[in-house]
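First up is the structure itself, then whatever we jot down about it.
There are 4 protein chains.
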Amino acid sequence: MSTHFVRFFSQALAGMGEFYMCLPEKDLPVFLKDNPYYQRGTKTLILLHGYNGGSSDWLYGSQMQDYAMKYNLAVVTPAGRNSFYLNKKATGYHFQTFIGEELVRFLQNTYGLAMNKEDTFIGGFSMGGFGALHTGFAYPETFGGVMALSSALIIHQLKDMSPKMQSPMANYEYYVDTFGDLSKAEKSDHNPEVLYKRNKRKGIANPRIYMACGTEDFLITPNREMRDFLKKQKADLKYEEGPGMHNWDFWTPQTYKGIEYLLEG
Amino acid sequence: MSTHFVRFFSQALAGMGEFYMCLPEKDLPVFLKDNPYYQRGTKTLILLHGYNGGSSDWLYGSQMQDYAMKYNLAVVTPAGRNSFYLNKKATGYHFQTFIGEELVRFLQNTYGLAMNKEDTFIGGFSMGGFGALHTGFAYPETFGGVMALSSALIIHQLKDMSPKMQSPMANYEYYVDTFGDLSKAEKSDHNPEVLYKRNKRKGIANPRIYMACGTEDFLITPNREMRDFLKKQKADLKYEEGPGMHNWDFWTPQTYKGIEYLLEG
Amino acid sequence: MSTHFVRFFSQALAGMGEFYMCLPEKDLPVFLKDNPYYQRGTKTLILLHGYNGGSSDWLYGSQMQDYAMKYNLAVVTPAGRNSFYLNKKATGYHFQTFIGEELVRFLQNTYGLAMNKEDTFIGGFSMGGFGALHTGFAYPETFGGVMALSSALIIHQLKDMSPKMQSPMANYEYYVDTFGDLSKAEKSDHNPEVLYKRNKRKGIANPRIYMACGTEDFLITPNREMRDFLKKQKADLKYEEGPGMHNWDFWTPQTYKGIEYLLEG
Amino acid sequence: MSTHFVRFFSQALAGMGEFYMCLPEKDLPVFLKDNPYYQRGTKTLILLHGYNGGSSDWLYGSQMQDYAMKYNLAVVTPAGRNSFYLNKKATGYHFQTFIGEELVRFLQNTYGLAMNKEDTFIGGFSMGGFGALHTGFAYPETFGGVMALSSALIIHQLKDMSPKMQSPMANYEYYVDTFGDLSKAEKSDHNPEVLYKRNKRKGIANPRIYMACGTEDFLITPNREMRDFLKKQKADLKYEEGPGMHNWDFWTPQTYKGIEYLLEG
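Chains G, L, F and B supply the protein sequences, listed in that same order.
Letter by letter, the first sequence follows residues 41 to 305 of my numbering.
Letter by letter, the second sequence follows residues 41 to 305 of my numbering.
Letter by letter, the third sequence follows residues 41 to 305 of my numbering.
Letter by letter, the fourth sequence follows residues 41 to 305 of my numbering.
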C-alpha cells in the first residue's frame, strides 16, 4: 500500500491541482516492469467531494484505504472546490477539463493508471455525484463507470433562481458564476442529460451507472427524476434507495456497493 | 521547531482554507502557559504566493524554516488561488476576508498568535505583493507591517483591457471575474491606494511598508509608481531596487531584508 | 472542522515527532477566547496505530472526522513506529515519553487541549491497544480513559522467545531491542499489569478501560487474560467480544462503542 | 512542476517509508509515453537529512523546487530518522536497504525514474553526508554520483567511546544500537572506506564524489581525513572548503555547486 499527496501544475486551473491517492500494492515487485499498475490490472476510481468540501473529505470521512486494498483500486480524490466540476469562461476555472482530461493524463503518464475506459471509474457524493455523472458523460471514452451518491442534480432548479433569493448555501451570484446564464443551463452542456443524449445520438457508449440516494435526503426528488430520465433512455443503470440522509452514514456503505457493481461490469 | 499543514472551514471560502506554518520554538516549555507564542514574543508573518501558485510555494521555493528560526517568527503561508486576495460577490470567493479576518482569527484562537498589530506582518511576491499591500491597508488595525516584493500592481491597467485582448496569462473574463467592472476598479476598494488614503483621512495608522523590485522585472514600472504614490502620501516606506527578475533569486534575499526592516520598526 | 498535520521536535525521539489531528469546531468564534477548545469542553482522544503502521493509519483506514464531529473530540493520531510505545535506553527511542508527556504537553501548550485527566483519552488497536493500556497506566494522572482494541498483549510470551525462533513478523533481535531482557520483561515496567498494580498500591486512580477483541482474532487469548487480570483487580472495565478478526471491519464499529463508553464516564 | 508526499510499505522498515519529491515537468505531455521522466532525461537526486532531522528538512530548509526546475531533476527527500542510513539486525531498522534498494525500486517502478547509474545521484548533509557516501559505495551500480556536505564521518571515533561518556547529542547505547560493536565498526561494512576499497578491488566503478565542508564546522577534521583517503585511492573526487559552519547558510549554495559538478560528469 502506498499513499500519495500530489500537486501538479494544471493549465485548466492556471495553478496547482491536487489529489490524494491510495495505491493498493502490498510490496514492490522484484523486477522492474513498465507501468506496474496497468500490468497487474489495478483499476482506477476517482472520487469527487461535495460542496463546501475538499480533496481530503474522502480521506478524513470514509475508508479510502479499504476500497483500495479490497478491490485492487487506485483511489484518487482530487480537489474541485465549489465548481460543480464545470468549466467557466474565466482562465483558471476549468474543473471539467482538470478532472476529465488533465488529471486522467497525469495518472496515465505518471503511474500508468487509467489507461483505458474499462479500468477507469468516477464517483462522488452530493456536488461530487453531479460531477461524477457530468464528467462521466462528458468523457464517455475515458470512464467506463459512474457512481453517483445523493447527487446534487440541481440543474433544473436554476432557471427559477432570482437575484433576490435568500439561501444559507450560496447566493445568486454564485450560481451565475458557476453555471452561466441560469435560464439556459438546462439546455447547455452543463446538464448531464444533454451530454448523455448527445453521446447516444452519436453512438458513443455512455458509462455504466450506479446511483443511490437516501429517502430522507433533501435531494431525493431530483435523484428520482434522474433515475426516470436514465431509465427512459435505457441506460445501463442500477439505482438504489434506502433509509438515509445526506452524510457518511449513507455514503460509506453505498460506496462499497457501488464499487462492487461497477467492478462486476 | 514545529511544522504544520492546516485546513479549516472558512465561511468566506464556503469550504476549506489552508495554510502551512513553521513555528520557531525549539522545544516545549516544561510548565504550561496560556498562549505560549504570545507570551514569548513570537511575531507572525503571513506570506502570500503569486498568480499560478499555491500554499506550498514559499515552502518548496524558499527557506521558510530559516525565517522562522532566525527571527522568532511564526511563518504562515495560506492558499489564495488566483484571487488577487480580493472579495468577489459570489459566495465562496472572499479571499480578502479569508486572509485578513478568518485566518488571523484562527491564528489568534488556536495558537495565541497575531494578537496585536505590532506583532503581525503580511508579505508576498507578485500577486502576493499586491495582496500584502491591499490586505495590509484593508486591515490597518491588524497588520503593523507589509513586505511587498515585485508586486503585481496592475490595477491602473485594468481599464484598458478589452474582451478581444490576447494574453498568455489570463483572459478578459478572468479580470472581470476577479476585479469586477474594470472601468471602475481603479476607484474601488480593490485599489490599495484608495484604502491607504481612506485610512489616512480617518486617522488610522497605515502599516509600515517594505517594497522591493528587480530592475529587470516586467513589473518595475507599476512598482515605481506605487513608490511615488506612497512617498507623496508620506508613508512609512522603505523601497529597494536592484538587479533581478521575477523569481526566487530576487525574492529569497529580499525576504531577509524585508523581515529585518519590519522587525526593527 | 479543521485538519492538521504537525511535526514538532521531540527530545524523547531526538528528532521530529508527528501527528494528524482533526478538530471539531464548525467555525471560528467571533470573539477571542484563550484556549478555545478547553473552554468549549472539547475532549481529546489520542489514537495509536499498530505494528507495521504509521500516523496516517487511522486517517486512511477509519472515519476520524466522524469521531471528531459526532463527539466533540480532538482526535490525534501520532506516529509510534514499531516501538510498542515503550522507552528504550538508546537516545531517540523514548516513545512512552513522547506520547505520554511530550505530545500531551504540545497539545496543552499549543491548543489548550488535554488539560486534565477527565478530558483526555488514549486508544489504539493491536500494538496500539497495548500502547493505550501501557501509556494509560504509565500516566494515570494524564489519561482518564483507555480504549484497547485487539491489543497485542504479548508481554507474557516474550520469555519463551529464543534467538533461533522463526517468525514472519519480526526477529529475536527486534524483541530484545524493543523490550530489553526478555526474561525480565514480564516483571518490568514494560508490563501494563505491573504499572496498574503499582498505581493501585499508591492510591492513584487508574483510568477507566474499554477493551474489545474479535473472537476470530489471533490475539483473543491474551486479551481474555488481560480481562481476567483487570477483573481480579476490580478495574473499571468494560470488555466486549464478538465475531471479528484483526482488521478495520472490527475496529471501526468498536471505536464508536469505545468512545461512547469513555464519554459516559 | 509537481510535488509529492508519498508513503509506501517498506519490508526493510517493517512499516511505512516516506519521501517528499519535486518533479520538474512544467506541464503534462499531450500524448502518452511510457516512463515519461526516463524518456525526457530527467535525472534523480536523493537528498538525505541529518541527525535530529526528517523527510521535510530539505523542504523547509532549502530550495528544493529550484534544484528540480533549474537542473531537470527529480528531487527526492526520504526519512532516515537517526539511523546513519545503516542496517541494524533487528527487524524494521534496515535503512541502508530502504534507501539503496526499496526507494530506488519504488522510483523506478512507479515513475520510471532512477533507471540507470548515470542518471541517479545521492546527496546529504551531516549524518546525511555520511549516508550519501555510505549508500553510494554500498550500491555502486545504482548511484553515479555522491554529494556529501559537512559529513558526519564519525566512524573512526566510535572505538574510543565508553559507557560512561557524556554527550548532549546521544548516549553510548545509541551508538551501539546504530553501529553494533563499536570496537569493530571501523573494519565493518558500516565504514564507507571499507566499501570503497572493496568495490575497487572487485573492479566495480565507484561513483563520482563531490565533498564540501565549512572551515568552521566541528566536522572539518574527519572531512579532511576522508578527502585524504579518497585522494590516496585516486577517487573521482572534487573537494571544496570555505568559510562556513554546520548550517543551511553553507549547505544551500554548496548544493548548487554539487549538483552542477555531478551533472557535468
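Cβ coordinates follow ideal geometry from the N, Cα and C atoms, glycine included.
Check: If you draw a straight line from the C-alpha of lysine 227 of chain F to the C-alpha of alanine 172 of chain F, how long is it?
Finding: Along the third sequence, one-based indexing puts residue 227 of chain F at 187. Along the third sequence, one-based indexing puts residue 172 of chain F at 132. Using only the alpha carbons, I get a separation of about 19 angstroms.
Check: For glycine 298 of chain L, which of helix, strand or coil comes out of DSSP?
Finding: Within the second sequence, residue 298 of chain L is the residue found at index 258, counting from 1. Helix at glycine 298 of chain L.
Next item on the list: Taking tyrosine 151 of chain L as the query, report the chain F residues whose CB atoms sit under 7 angstroms from its CB, ordered along the chain.
Entry: The count along the second sequence starts at 1 and reaches residue 151 of chain L at position 111. Taking a Cβ-Cβ cut-off of 7 angstroms, the neighbours of tyrosine 151 of chain L in chain F comprise Thr150, given in sequence order.
Notebook entry, point to check: Just the Cα atoms here: how many angstroms apart are lysine 204 of chain L and glycine 163 of chain L?
Noted result: Residue numbering aside, residue 204 of chain L sits at position 164 when the second sequence is read from its first letter. Residue numbering aside, residue 163 of chain L sits at position 123 when the second sequence is read from its first letter. Whole-angstrom Cα-Cα distance: 34 angstroms.
Margin query: I want to verify the contact list: residues of chain B whose CB lies under 8 angstroms from the CB of methionine 41 of chain G, in sequence order.
Written below: Numbered from 1 along the first sequence, position 1 holds the residue referred to as residue 41 of chain G. Correct list: Phe48, Phe49.
Margin query: So, for alanine 52 of chain F: in the same chain, excluding its five sequence neighbours on each side, which residues have a beta-carbon less than 6 angstroms away from its beta-carbon?
Written below: In the third sequence, counting from the first residue as 1, residue 52 of chain F sits at position 12. Within the same chain, alanine 52 of chain F has close Cβ partners His134, Thr137, Phe138, Glu142.
Next item on the list: Could you check the C-alpha separation between isoleucine 260 of chain F and lysine 271 of chain F for me, to the nearest Å?
Entry: Sequence index remark: in the third sequence, residue 260 of chain F carries index 220 (1-based). Sequence index remark: in the third sequence, residue 271 of chain F carries index 231 (1-based). Taking the straight line joining both Cα atoms gives about 16 angstroms.
Check: Applying a beta-carbon distance threshold of less than 9 angstroms, which residues of chain B neighbour phenylalanine 45 of chain G?
Finding: Your numbering for residue 45 of chain G matches position 5 in the first sequence. Residues of chain B passing the Cβ test: Thr43, His44, Phe45, Val46.
Notebook entry, point to check: Rounded C-beta distance between proline 247 of chain B and glycine 185 of chain B? I'm assuming under 8 angstroms.
Noted result: Residue 247 of chain B sits at position 207 when you count from the first residue of the fourth sequence. Residue 185 of chain B sits at position 145 when you count from the first residue of the fourth sequence. About 5 angstroms; that satisfies the 8 angstroms criterion.
Checklist line | Partners in chain F for serine 202 of chain B, counting only beta-carbon separations shorter than 8 angstroms | finding: For this step, residue 202 of chain B is matched to residue 162 along the fourth sequence. The contacting residues do not exist; serine 202 of chain B stays about 15 angstroms from chain F at best.
Note to self: Residues of chain F with CB closer than 9 angstroms to the CB of tryptophan 288 of chain G, please, in chain order.
What the structure shows: Residue mapping note: residue 288 of chain G aligns to position 248 of the first sequence, counting from 1. Ordered by position in chain F, the residues that pass the 9 angstroms Cβ test against tryptophan 288 of chain G are Gln103, Gln105, Asp106.
Notebook entry, point to check: Is any beta-carbon of chain G found at less than 8 angstroms from that of arginine 121 of chain L?
Noted result: Walking along the second sequence from the start, residue 121 of chain L turns up at place 81. With 8 angstroms as the cut-off, arginine 121 of chain L counts as an interface residue toward chain G.
Check: Residues in its own chain within less than 8 angstroms of methionine 41 of chain G by CB, not counting five upstream and five downstream?
Finding: Here the question's residue 41 of chain G lines up with position 1 in the first sequence. If we look at methionine 41 of chain G and ignore the five residues flanking it on each side, its Cβ neighbours are Cys62, Leu63, Pro64, Glu65, Lys66, Gln105, Ala108, Met109.
Notebook entry, point to check: Roughly how many angstroms lie between the CA atoms of arginine 241 of chain G and alanine 114 of chain G, to the nearest whole one?
Noted result: Reading the first sequence from its first residue, position 201 is the one you call residue 241 of chain G. Reading the first sequence from its first residue, position 74 is the one you call residue 114 of chain G. If I take the Cα positions, the gap works out to 32 angstroms.
Note to self: Helix, strand or coil, according to DSSP, for methionine 56 of chain G in the structure here?
What the structure shows: Here residue 56 of chain G refers to the residue found at position 16 of the first sequence. Strand, per DSSP.
Notebook entry, point to check: At a Cβ threshold of 8 angstroms, is serine 95 of chain B touching chain L?
Noted result: For the purposes of this step, residue 95 of chain B is taken as the residue at position 55 of the fourth sequence. Not an interface residue.
Margin query: For lysine 297 of chain G and tyrosine 250 of chain G, what's the separation of their Cα atoms in angstroms?
Written below: Here residue 297 of chain G refers to the residue found at position 257 when the first sequence is read from its first residue. Here residue 250 of chain G refers to the residue found at position 210 when the first sequence is read from its first residue. Cα atoms of lysine 297 of chain G and tyrosine 250 of chain G: separation of roughly 9 angstroms, rounded to the nearest angstrom.
Checklist line | Identity of the residue in G:Leu85, G:Tyr279, G:Trp98 nearest threonine 160 of chain G by Cα | finding: In the first sequence, counting from the first residue as 1, residue 160 of chain G sits at position 120. For threonine 160 of chain G, the closest C-alpha among the options G:Leu85, G:Tyr279, G:Trp98 is that of G:Leu85.
Note to self: Helix, strand or coil for alanine 192 of chain F? Go by DSSP, reduced to three states.
What the structure shows: Here the question's residue 192 of chain F lines up with position 152 in the third sequence. Alanine 192 of chain F falls in the coil class under three-state DSSP.
Checklist line | CB contact flag (asparagine 112 of chain F, glycine 81 of chain F, <8 angstroms) | finding: What you label residue 112 of chain F is simply residue 72 of the third sequence in a count that begins at 1. What you label residue 81 of chain F is simply residue 41 of the third sequence in a count that begins at 1. Going by C-beta atoms, asparagine 112 of chain F is nearer than 8 angstroms to glycine 81 of chain F.
Next item on the list: Report the residue from F:Leu193, F:Lys83, F:Lys199, F:Glu158 whose alpha carbon sits nearest the alpha carbon of threonine 182 of chain F.
Entry: Sequence index remark: in the third sequence, residue 182 of chain F carries index 142 (1-based). Taking only the C-alpha atoms, the option nearest threonine 182 of chain F is F:Glu158.
Check: So, are the CB atoms of glycine 305 of chain B and glycine 282 of chain B less than 8 angstroms apart?
Finding: Residue mapping note: residue 305 of chain B aligns to position 265 of the fourth sequence, counting from 1. Residue mapping note: residue 282 of chain B aligns to position 242 of the fourth sequence, counting from 1. No, the Cβ-Cβ distance between glycine 305 of chain B and glycine 282 of chain B is not below 8 angstroms.
Next item on the list: Compute the Euclidean distance between the alpha carbons of alanine 154 of chain B and tyrosine 77 of chain L, then round it to the nearest angstrom.
Entry: Position 114 of the fourth sequence, counted from the first residue, corresponds to residue 154 of chain B. Position 37 of the second sequence, counted from the first residue, corresponds to residue 77 of chain L. Rounded to the nearest angstrom, the two C-alpha atoms are 44 angstroms apart.
Margin query: By the DSSP assignment, the beta strand (DSSP E) with glycine 163 of chain G in it spans what residues?
Written below: As a first step, residue 163 of chain G is located in the first sequence; it is residue number 123 there, counting from the start. Counting along the chain, the beta strand (DSSP E) containing glycine 163 of chain G begins and ends at 160 to 165.
Item checked: Where the beta strand (DSSP E) through leucine 87 of chain L begins and ends -> Within the second sequence, the letter at position 47 stands for residue 87 of chain L. Segment 83 to 88, the beta strand (DSSP E) holding leucine 87 of chain L.
Next item on the list: Give the straight-line distance between the Cα atoms of leucine 277 of chain L and isoleucine 195 of chain B, rounded to the nearest whole angstrom.
Entry: Residue mapping note: residue 277 of chain L aligns to position 237 of the second sequence, counting from 1. Residue mapping note: residue 195 of chain B aligns to position 155 of the fourth sequence, counting from 1. Taking the straight line joining both Cα atoms gives about 54 angstroms.
Margin query: Can you check which of these residues, F:Asn239, F:Lys128, F:Ser102, F:Leu147, is closest to histidine 44 of chain F by C-alpha distance?
Written below: For the purposes of this step, residue 44 of chain F is identified with residue 4 of the third sequence, where counting begins at 1. The candidate whose alpha carbon is nearest that of histidine 44 of chain F is F:Leu147.
Notebook entry, point to check: If the cut is a Cβ gap below 8 angstroms, which residues of chain G does leucine 99 of chain F touch?
Noted result: Taking the third sequence and counting its residues from 1, the one referred to as residue 99 of chain F is at position 59. Leu99, Tyr100, listed in chain order.
Notebook entry, point to check: What residues in its chain sit with their C-beta under 7 angstroms from that of phenylalanine 71 of chain G, if we drop five residues either side in the sequence?
Noted result: In the first sequence, residue 71 of chain G corresponds to position 31, counting from 1. Caution applies to phenylalanine 71 of chain G, whose pLDDT of 35 falls short of 50 and renders its modelled position unreliable; the value that the coordinates give is listed next. Take phenylalanine 71 of chain G, set aside five residues on each side of it, and no residue of its chain has a beta-carbon closer than 7 angstroms to its own.
Next item on the list: Output the distance between the C-alpha atoms of glycine 101 of chain L and glutamine 103 of chain B, rounded to the nearest integer angstrom.
Entry: Reading the second sequence from its first residue, position 61 is the one you call residue 101 of chain L. Reading the fourth sequence from its first residue, position 63 is the one you call residue 103 of chain B. Whole-angstrom Cα-Cα distance: 5 angstroms.
Next item on the list: Give me the Cα-Cα distance between arginine 238 of chain F and serine 202 of chain B, rounded to the nearest whole angstrom.
Entry: Position 198 of the third sequence, counting from 1, holds the residue named residue 238 of chain F. Position 162 of the fourth sequence, counting from 1, holds the residue named residue 202 of chain B. Whole-angstrom Cα-Cα distance: 35 angstroms.
Item checked: Distance, isoleucine 244 of chain L Cα to glutamine 197 of chain L Cα -> One-based indexing of the second sequence puts residue 197 of chain L at position 157. One-based indexing of the second sequence puts residue 244 of chain L at position 204. Roughly 28 angstroms separates the two Cα atoms.
Check: What residues in the region 210 to 223 of chain G have a beta carbon less than 7 angstroms from any beta carbon of chain L?
Finding: Ala210, Asn211, Glu213, Tyr214, Asp217
Notebook entry, point to check: Taking C-beta to C-beta, are asparagine 127 of chain L and tyrosine 91 of chain L nearer than 8 angstroms?
Noted result: Taking the second sequence and counting its residues from 1, the one referred to as residue 127 of chain L is at position 87. Taking the second sequence and counting its residues from 1, the one referred to as residue 91 of chain L is at position 51. Not a contact, by the Cβ cut-off of 8 angstroms.
Next item on the list: Inspect the beta-carbon positions of phenylalanine 165 of chain B and phenylalanine 124 of chain B and report whether they are closer than 8 angstroms.
Entry: To locate residue 165 of chain B, count along the fourth sequence from 1; it is residue 125. To locate residue 124 of chain B, count along the fourth sequence from 1; it is residue 84. Contact: no.
Item checked: C-beta atoms of alanine 119 of chain L and glycine 94 of chain L nearer than 8 angstroms -> Counted from its first residue, the second sequence places residue 119 of chain L at position 79. Counted from its first residue, the second sequence places residue 94 of chain L at position 54. The answer is yes: Cβ separation under 8 angstroms.
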